[in-house]
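In the numbering used here, the protein residues as written are 219 to 284.
As structure tokens, then:
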């Protein structure tokens, strides 16, 4: 993602983000979809799930959608 100029976050950044619910909501509102590897997409609901669910996001393998 970084090589082609897309914003990206690693799992550690997501863990830090989860501590601030306002930032999770802001992230969810900023993007229509998220793209992640299978390993990361499985962790997103655990890391950010409640905040993203409240923002109307849901996840399937590979993508998060609104």
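Where is the CB? At the ideal position from N, CA and C, for every residue including glycine.
Unbroken alpha helix (DSSP H) run spanning residue i, endpoints
{"i": "residue 251", "result": "Premise fails: residue 251 lies in the beta strand (DSSP E), 251-253, not in any alpha helix (DSSP H)."}
{"i": "residue 221", "result": "Residue 221 -> no alpha helix (DSSP H), and no H or E assigned at all."}
{"i": "residue 236", "result": "229-236"}
{"i": "residue 247", "result": "239-248"}
Residue j beta carbon less than 9 Å from that of residue i
{"i": "residue 242", "j": "residue 266", "result": "yes"}
{"i": "residue 231", "j": "residue 253", "result": "no"}
{"i": "residue 261", "j": "residue 229", "result": "yes"}
Local Cβ density within 10 Å of residue i, reported as buried at 16 or more and exposed below that
{"i": "residue 245", "result": "buried"}
Cut-off 7 Å between Cβ atoms - residues of its own chain near residue i, not counting five sequence neighbours on either side
{"i": "residue 233", "result": "265"}
{"i": "residue 258", "result": "229"}
Same chain, Cβ closer than 8 Å to residue i, five either side skipped, listed in chain order
{"i": "residue 221", "result": "none"}
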